[in-house]
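Okay, structure first, notes after.
Residue numbers (UniProt numbering): 1 to 334.
Below is the structure:
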């Protein structure tokens, strides 16, 4: 099987490549990645001789067409995905998430290639903290940021191409991922590397915003389950029942690193900050038989901390630039 992985040098995509090669030696992988700031080719160094890494833009229609023509399956991870960045400049989110997806869909349509589209639970908006419900495949889209709105738009493009052109495609919407090789601008690795660097973690607003955490390996195992057993044209939600509020996450990181649980600072909340995400993955589990392996968030978080502590050469070169981007935008409160 020849698999084209877009965004395969980013966090989830690179973990998908590493896990696939470890578990499926018969799979040949081509990675298409623009190698923006969020990608790190060092993540793929251990498998460099087993993949074809193509540096390019997913919105480059001619390049995409050539790569898709040589593939049996396309797995589309490539996306601009950081909410803060989408608020500062939405243009790259429109270009990558919408125009890039359009280029892929047209190539897949021309060459009749199986396509799987990676999306996010953020397309559904948010839930109240005391709401007993969770997102399902039937939940209406209600995005609240340039990031989530462009991801919602890309999902709708896939659905339209399935209905209008008979595309052999599936979609998955996943909850928040954590694990090794995640860019340190993201919430969990930023807090971990702050503590390791002797910097107090920062917590938006009151810290009660809830995210539904899933280990990246569980996510990628679910993606393969959908590729192999999912019904064409359908959407599947991927989640591991990992609802935890941001304050608890920071306190747990501090405790696991031997620091006082209150050794963090509250900073001003970001605009449009979604309150709670929660995924109901019943359909994926009952119809396709997938089950998460990382059921204890605390132990998964501990393993993730161990990885960042053991791999400073991977993240330290980027730490100063990341924190410089936040300088002046986070006012300590309380």
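Where a beta carbon is used, it is the ideal one built from N, C-alpha and C, also for glycine.
Just to confirm, does residue i get its C-beta within under 8 Å of one of the non-hydrogen atoms of the ligand ZN?
i: residue 195; result: Looking for the ligand ZN in the displayed structure turns up nothing, as the structure carries no ligands at all.
Smallest Cα separation from residue i: which of the options?
i: residue 310; options: 249, 196, 228; result: 196
i: residue 43; options: 319, 315, 320, 255; result: 315
i: residue 174; options: 237, 70, 136, 224; result: 237
i: residue 47; options: 34, 100, 16, 289; result: 16
i: residue 190; options: 45, 54, 18, 323; result: 323
i: residue 229; options: 286, 181, 22; result: 286
i: residue 292; options: 217, 66, 145, 113; result: 217
i: residue 199; options: 142, 160, 163, 257; result: 257
i: residue 70; options: 39, 99, 111, 54; result: 111
Beta-carbon within less than 7 Å of residue i's beta-carbon, same chain only, minus the 5 sequence neighbours each way: which residues are those?
i: residue 171; result: 117, 119, 155, 158, 235
i: residue 219; result: 12, 174, 177, 238
i: residue 193; result: 184, 308, 315, 319
i: residue 321; result: none
Would you kindly report the start and end of the unbroken beta strand (DSSP E) that includes residue i?
i: residue 244; result: 243-245
i: residue 235; result: 235-238
Just to confirm my understanding: we take residue i, look at its own chain, exclude 5 residues before and 5 after, and list those with CB closer than 6 Å. What are they?
i: residue 103; result: 59, 61, 64
i: residue 188; result: 178
i: residue 300; result: 215, 294
i: residue 1; result: 27, 72
i: residue 166; result: none
i: residue 34; result: 57
i: residue 201; result: 191, 194, 250, 264
Could you tell me how far apart the beta carbons of residue i and residue j are, in whole angstroms, since I believe they sit closer than 8 Å?
i: residue 330; j: residue 268; result: 7 Å
i: residue 178; j: residue 304; result: 6 Å
i: residue 169; j: residue 124; result: Actually they do not touch by this definition, with Cβ atoms about 20 Å apart.
i: residue 52; j: residue 30; result: 4 Å
i: residue 332; j: residue 266; result: 7 Å
i: residue 279; j: residue 135; result: 6 Å
i: residue 241; j: residue 122; result: Their Cβ separation, rounded to whole angstroms, is 18 Å, which puts residue 241 and residue 122 out of contact at 8 Å.
So residue i is in the alpha helix (DSSP H); what residue range does that whole segment cover?
i: residue 57; result: Unbroken run through residue 57: none, as it is neither H nor E.
Please return the same chain residues whose Cβ sits closer than 8 Å to the Cβ of residue i, not counting the five positions on each side in sequence.
i: residue 225; result: 284, 288, 289, 290
Quiz item: Does the count of Cβ pairs from the segment 85-92 and the segment 129-139 closer than 8 Å reach three?
Solution: The segment 85-92, when compared against the segment 129-139, does not touch it at the 8 Å Cβ threshold.
Quiz item: Taking three-plus beta-carbon pairs below 8 Å as touching, is the segment 69-85 in contact with the segment 3-21?
Solution: Flag = yes, the segment 69-85 and the segment 3-21 touch.
Exercise. Flag this pair as touching only if the segment 198-217 and the segment 234-254 have three or more C-beta atom pairs under 8 Å; answer yes or no.
Key: Yes: at least three Cβ pairs fall under 8 Å.
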